[in-house]
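Chains as they are written, first to last, in my numbering: chain A, 1 to 569; chain B, 1001 to 1195. C-beta: ideal position from N, C-alpha, C; glycine also. Let me begin by presenting the structure, written as structure tokens, before commenting on it.
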Ligand SMILES: Cc1cc2nc3c(=O)[nH]c(=O)nc-3n(C[C@H](O)[C@H](O)[C@H](O)COP(=O)(O)OP(=O)(O)OC[C@H]3O[C@@H](n4cnc5c(N)ncnc54)[C@H](O)[C@@H]3O)c2cc1C
Ligand code: SF4
């Protein structure tokens, strides 16, 4: 323990503390810095500086020892993270390895994490869609979970605010179920994606195939250049970290911006163990950190604390913040802390071929990845035997195919003389799951991590609703593919554990009623109003849109609320 | 790019595979240092010669020129699991036995023409077996896997992978772009260069 003399307490006193420097924490820090608050960012992992710490970003395939493949030793030591599609020789240094940070799987759960400055914002697939009122209304209408304390109108201006700074590419599609944003030019659909889009529009009411909206600078504005970022070069090597700052990451955007304000200090290698609560003052007064290099415990103090450690770790921090007043975790008067965890379900796929549009192909690479099919089930009315719905990815591609038949000159010729394949099409489902009390995380009673913090125990599973939804996805997509004239249609469902979609949410949900929720409509703990949680932990329900844009908007909005209402809380 | 540089780079990136001068190789000891595979010098040379048979030096560099043989060892040693490695060793033995049965000598003692003839025969046979296996699949009777063919397919697969991702191939034979700097969603096929 550091010496608690008066001077060092002064040094360790800030206006605000942000826990976690990833997608959402970066936003909290940027906003606090911009508003002139003396802010400390605590990050458990190492520092990853934009440009400097992207060791593989410019490597050619042959410059990797195994030309991109993961060795058996690493695969065997990492059965969990190895399941993530982006875990390859080029990006594995940004993922948490299984042994480094163990957790307890009461039920199988693939917890995919990035512990470093920037968190998972270095690794994400950059898909960004707004939520609509159908999503925020959902629980109230369908009777699952509790009612959200906010609606689309509350968050819409904040979507605009973060979109302008982060840079989101997309088309104005004019869809009620997927509101338009402040877009940079979209990455266009290719010939067959366009064909399918037109087909779906003509044949189905309220079904759409649009260009995927993504956090890439297709055409940067001044605000992006001011961040030191440049136009996306369409490399699609984003998981390695982008030297152009072509996509949004905390590392290229919010964190350097926050540090430039002069008000923000970044402290990596600092695991937040708990937040402490002062009963006399009736508020949180600081946090206890374990320095991962020295194992030393240090306390930092602040007027306000933003908890952005990513959904399950934010649960962990609150569960581990116990006091006389909050014996079951900070702010946990409702008993809901750690419960109603939900996630996305990406476990069904479908592939096919298309014989037409032979005169067209593509040239270069599409960072957006292709098309997006917004949710079309149970939107305007409940029409199926399951609750909520799914979105889907859709893309079409041709590739240069070669054969490796023969040996010698025949083989050499075969390998260099490629032939353009016909069009292939593919889609994957992105389903909403229903938050249930029985899907929970808790502290393990006996096992601790290397810093003396209880390990997180995860108990999350699929249910009947997920199975029905998955079946419907396969049926509907098969029908849409068939009617579009696609052939050789092959649907596949896999039996992956929850978590692999990397959109785990909930446990510290928002709600109007302190008896059934943790956070109020400003993302403050109902019972401890100077602690804000604005990452995935706060989600009352999960929608089927990719979640990160919403976390960013929440973080910016919450900081604004604190700054405007400070002292009045 | 100068071919020598390509070769040198290949040797550099092969990291853990230490290549000793060949004069040391006179006691049946392998020259490549492997962590898991237990090969003697003869077996090692079977793989070396096989990669060179698949991808010989012609008017363009062959497997040995490009260090693809070393890449194949590295991949099987590092990226294959225990089971796959055991299968590889079993297959290597059956492959050698099949050569012995046909020619009365080892693969390493064959002339390059004989090696090519044997391998071509094996490719043909593998193709026929694939057709048979597919037929067997539909009859729900799994066909007996041929270990020698599996071994051959493994070496060929890794040789092709190493070659098509080598600096030589990606700079001299085709054009690989790390940074395209463009995305044309509607591109006429006619314009597409067939490199
Ligand atoms: C391969 C992949 C693809 C994805 N694709 C998409 C996509 O297309 N669209 C989308 O919206 N989302 C996507 N995601 C998910 C997205 O990355 C996350 O939703 C987002 O990063 C979550 O933001 P966050 O701030 O909550 O957490 P993170 O970005 O993970 O940041 C949390 C930070 O907190 C730190 N931390 C944790 N615990 C502590 C502690 N106790 N003390 C101090 N620091 C702590 C962590 O080290 C980390 O740096 C993807 C993720 C991955 C890995
Ligand atoms: S596609 Fe764009 S964002 Fe991704 S690595 Fe390339 S330049 Fe960077």
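| Going straight from the alpha carbon of residue 1064 of chain B to that of residue 429 of chain A, what length do you get? | When rounded, the separation of the alpha-carbon atoms in residue 1064 of chain B and residue 429 of chain A is 46 angstroms.
| request: Please confirm if residue 27 of chain A has its CB atom under 8 angstroms from at least one CB of chain B. | output: no
| said: Using a Cβ-Cβ cutoff of 8 angstroms, what residues of the stretch 1161 to 1174 of chain B are near chain E? List them in chain order. | reply: No chain E is present in this structure, whose protein chains are A and B.
| message | Check for me: the alpha helix (DSSP H) holding residue 179 of chain A runs from which residue to which? | response | Neither: residue 179 of chain A is in no alpha helix (DSSP H) and is coded neither H nor E.
| message | Strictly below 7 angstroms CB to CB, what residues from chain B border residue 416 of chain A? | response | 1173, 1174
| Would you report the Cα separation of residue 546 of chain A and residue 291 of chain A, rounded to the nearest angstrom? | 33 angstroms
| Contact list for residue 364 of chain A against chain B, beta-carbon separation under 8 angstroms | 1180, 1181, 1182, 1183, 1184
| field | Proximity test, Cβ basis, 8 angstroms: residue 1089 of chain B and chain A | value | Chain A contact via Cβ: absent.
| field | Beta-bridge partners of residue 459 of chain A, as assigned by DSSP | value | A/440
| query | What separation, rounded to the nearest whole angstrom, lies between the Cα atoms of residue 516 of chain A and residue 144 of chain A? | reply | 13 angstroms
| query | What first and last residue would you give for the beta strand (DSSP E) that runs through residue 1188 of chain B? | reply | Start and end: 1183 to 1188.
| message | Please tell me whether residue 421 of chain A has its Cβ less than 8 angstroms away from any Cβ of chain B. | response | no
| Contacts that residue 1065 of chain B makes with chain A (C-beta to C-beta distance below 9 angstroms) | By Cβ distance, chain A contributes nothing, its closest Cβ being about 12 angstroms from residue 1065 of chain B, past 9 angstroms.
| Can you tell me whether DSSP reads residue 363 of chain A as helix, strand or coil? | strand
| request: Taking all protein chains shown into account, decide if residue 262 of chain A is buried (16 or more other Cβ within 10 angstroms of its Cβ) or exposed. | output: exposed
| task | Just the C-alpha distance for residue 1026 of chain B and residue 1035 of chain B, rounded to the nearest angstrom, thanks. | result | Since pLDDT at residue 1026 of chain B reaches only 41, below the 50 mark, its modelled position is unreliable, and the value read off the structure follows with that caveat. Between residue 1026 of chain B and residue 1035 of chain B, the C-alpha separation is close to 21 angstroms.
| request: Check the DSSP bridge columns for residue 344 of chain A and list the partner residues they point to. | output: A/432
| request: Would you mind listing the alpha helix (DSSP H) stretches within the stretch 1036 to 1091 of chain B that are 4+ residues and don't spill past its ends, in chain order? | output: 1041 to 1054, 1063 to 1066, 1068 to 1079
| said: Is residue 128 of chain A close to ligand 1? I mean its beta-carbon at under 7 angstroms from any heavy atom of the ligand. | reply: yes
| From the DSSP output, which residues share a beta bridge with residue 216 of chain A? | Looking at the DSSP output, residue 216 of chain A sits in a beta bridge with A/247.
| Hey, out of A/298, A/364, A/481, A/52, whose CA is closest to residue 9 of chain A's CA? | Comparing C-alpha distances from residue 9 of chain A to each of A/298, A/364, A/481, A/52 shows the shortest one belongs to A/298.
| message | Does the distance between the C-beta of residue 59 of chain A and the nearest non-hydrogen atom of ligand 2 fall short of 7 angstroms? | response | no
| request: Look up residue 555 of chain A in the DSSP assignment and say whether it is helix, strand or coil. | output: Helix at residue 555 of chain A.
| Can you tell me the Cα-Cα spacing of residue 564 of chain A and residue 531 of chain A, whole angstroms? | 15 angstroms
| query | In the DSSP assignment, what residue or residues form a beta bridge with residue 14 of chain A? | reply | A/302
| For residue 477 of chain A, the three-state DSSP class (helix, strand or coil) | helix
| Taking Cβ to Cβ, would you say residue 216 of chain A is nearer than 8 angstroms to residue 167 of chain A? | yes
| Inter-residue Cα distance where the pair is residue 172 of chain A and residue 510 of chain A | 30 angstroms
| Residue nearest to residue 451 of chain A in terms of C-alpha spacing, selected from A/406, A/320, A/482, A/422 | A/320
| request: Could you tell me which chain B residues have their CB closer than 8 angstroms to the CB of residue 190 of chain A, listed as they occur along the chain? | output: 1185, 1186
| Does the distance from the CB of residue 126 of chain A to the CB of residue 248 of chain A come in under 8 angstroms? | yes
| request: Please check if any C-beta of chain A sits within less than 8 angstroms of the C-beta of residue 1116 of chain B. | output: yes
| field | Cβ-heavy atom distance, residue 428 of chain A to ligand 2, below 7 angstroms | value | no
| residue 222 of chain A burial status per 10 Å Cβ neighbour count (16 or more: buried) | exposed
| How big is the Cα-Cα spacing for residue 277 of chain A and residue 88 of chain A? | 42 angstroms
| request: State buried or exposed for residue 174 of chain A, treating a residue as buried only when at least 16 other CB atoms are found within 10 Å of its CB. | output: In this structure residue 174 of chain A is exposed. Its beta-carbon is surrounded by fewer than 16 other beta-carbon atoms within 10 angstroms.
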